[in-house]
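To start, the structure under review is shown below, and the notes come after it.
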């Protein structure tokens, strides 16, 4: 079951964003505001209850310089272990896949292999190398991702990719769990003499005391 | 769990980008708290396409790097504050600003200690301008400062100065808290711990009955 893009983007209201003052202006678009980025969010049947979108994808048309910051909790989820290893091996990335519903934490070797299988499938669909695909998961600890539902949804998710504001908003909804609002923002500013755009999305409402490194 | 995906069309070398992202994470996501529980999955991934046409930023000290860092900080702080604003059961965002510390890191540590205090969070939910709890949370942060230099303001109401409570209008202070709760607004706590150059902020939310209800039902 795939959620049409515009439905996904309005499933929950957007959070107010309190930007600090500075030489920038807020623009629409979240993760798709910057040149070269596309996004999509859909309901892939992963959540335990309800049909809120639960699968998000952000892609870049070119090899993007990548960086990451991760929990220092030693009980670290499989996607955290996978991303840290991948970023050690590669300076660039082309895609970030996010699932909501299952944290894929405390799932051992099987959970790690689930990540690899999802990465391999998505890399083939996108025509990129597996090590250019990064993964984030959130949800119930101890539960493996519903891999069948996720893999079946990937073709629809890839076909839904768009550089529009709705694409960004759909992705921002699809990464939420107990959030009451989606979190997405973008700004444009002069850096040197060039206009640069920075955008982002986030989720989080409970189990929040990040110590990322 | 908090997750973040950040994108930009700036062109940055890998090592500079990775350092900039961690600095921004330390000034934003690592300065929020809802319940003091660090998740197994917290992740921020940041991608730079370089398609804006800007010349490549290869040094952290360049003007362009300083400007890009400020933009990155702003986007991550905007998102981080929205996470704290949406904390489970929250009725308001709590913004703690600390000045007068010896360093940015020390100021950030004091700010997060106050924002994390269950007693401060519960007092905000009870609309109680409880300066003693704020002072105690600053005092156990692990940052050394002379208690006679401690100054605490709630909004623009001076609660403590010179390390001692000031006479203030409790009704006014309580209604400041109540208004913030009724409008899902922001409670600002400003703390000074001395005369140093260090300043920092942290964000949290009040602690309500709903937080317990949500987490007694939602199994993680």
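Residue numbers (this note's numbering), protein chains in the order written: chain A, 1 to 213; chain B, 1 to 220.
Ideal Cβ positions, reconstructed from N, Cα and C, are used throughout, including at glycine.
Quantities reported herein were computed from a predicted structural model and do not represent experimental measurements.
Could you give the distance in angstroms between the alpha-carbon of residue i and the alpha-carbon of residue j?
i                      : j                      : result
residue 37 of chain A  : residue 128 of chain A : 15 Å
residue 178 of chain A : residue 99 of chain A  : 14 Å
residue 169 of chain A : residue 211 of chain B : 27 Å
residue 147 of chain B : residue 111 of chain B : 16 Å
residue 108 of chain B : residue 40 of chain A  : 36 Å
residue 183 of chain A : residue 82 of chain B  : 6 Å
residue 68 of chain A  : residue 15 of chain B  : 12 Å
residue 28 of chain B  : residue 83 of chain A  : 21 Å
residue 169 of chain B : residue 35 of chain A  : 52 Å
residue 138 of chain B : residue 180 of chain B : 23 Å
residue 104 of chain B : residue 197 of chain B : 8 Å
residue 92 of chain A  : residue 48 of chain B  : 9 Å
residue 205 of chain A : residue 2 of chain B   : 8 Å
residue 101 of chain A : residue 52 of chain A  : 10 Å
residue 143 of chain B : residue 46 of chain B  : 31 Å
Between the options, which has its C-alpha nearest residue i's C-alpha?
i                      : options                    : result
residue 195 of chain A : B:128, B:133, B:68         : B:68
residue 139 of chain A : A:121, A:57, A:207         : A:207
residue 51 of chain B  : A:15, A:125, A:55, A:60    : A:60
residue 11 of chain A  : A:209, A:125, A:200, A:175 : A:175
residue 81 of chain A  : A:125, A:111, A:160, A:16  : A:111
residue 135 of chain B : B:93, B:155, B:162, B:31   : B:162
residue 183 of chain B : A:16, A:159, A:78          : A:16
residue 172 of chain B : B:155, B:185, B:94         : B:155
residue 162 of chain A : A:189, A:33, A:88          : A:33
residue 185 of chain B : B:143, B:93, B:124, B:164  : B:93
Please state if the CB of residue j and the CB of residue i are separated by a distance shorter than 8 Å.
i                      : j                      : result
residue 211 of chain A : residue 38 of chain B  : yes
residue 187 of chain A : residue 27 of chain A  : yes
residue 64 of chain B  : residue 191 of chain A : yes
residue 131 of chain B : residue 152 of chain B : yes
residue 11 of chain B  : residue 54 of chain B  : yes
residue 114 of chain A : residue 144 of chain A : yes
residue 100 of chain B : residue 192 of chain B : yes
residue 71 of chain A  : residue 40 of chain B  : yes
residue 198 of chain A : residue 72 of chain B  : yes
residue 55 of chain A  : residue 157 of chain A : yes
residue 84 of chain B  : residue 204 of chain B : yes
residue 171 of chain A : residue 58 of chain A  : yes
Kindly give me the distance between the Cβ atoms of residue i and residue j, rounded to whole angstroms, as I take these residues to be in contact under 8 Å.
i                      : j                      : result
residue 194 of chain B : residue 159 of chain B : With 8 Å as the limit, residue 194 of chain B and residue 159 of chain B do not qualify as a contact, their Cβ atoms being about 18 Å apart.
residue 127 of chain B : residue 177 of chain B : 4 Å
residue 6 of chain B   : residue 200 of chain A : 4 Å
So which residues on chain C does residue i lean against when the C-beta distance must stay under 7 Å?
i                      : result
residue 212 of chain A : Among the chains of the structure shown, chain C does not appear; the protein chains present are A and B.
Open item on the list: With a threshold of 8 Å, are at least 3 pairs of Cβ atoms found where one atom belongs to the region 141 to 153 of chain A and the other to the region 17 to 36 of chain A?
Closed with: By the Cβ rule, the region 141 to 153 of chain A does not count as touching the region 17 to 36 of chain A, because fewer than three pairs are nearer than 8 Å.
Task: Stretch-stretch touch, CB-based, cutoff 8 Å, three pairs: the region 19 to 36 of chain B with the region 45 to 57 of chain A - done: Verdict: no, contact absent.
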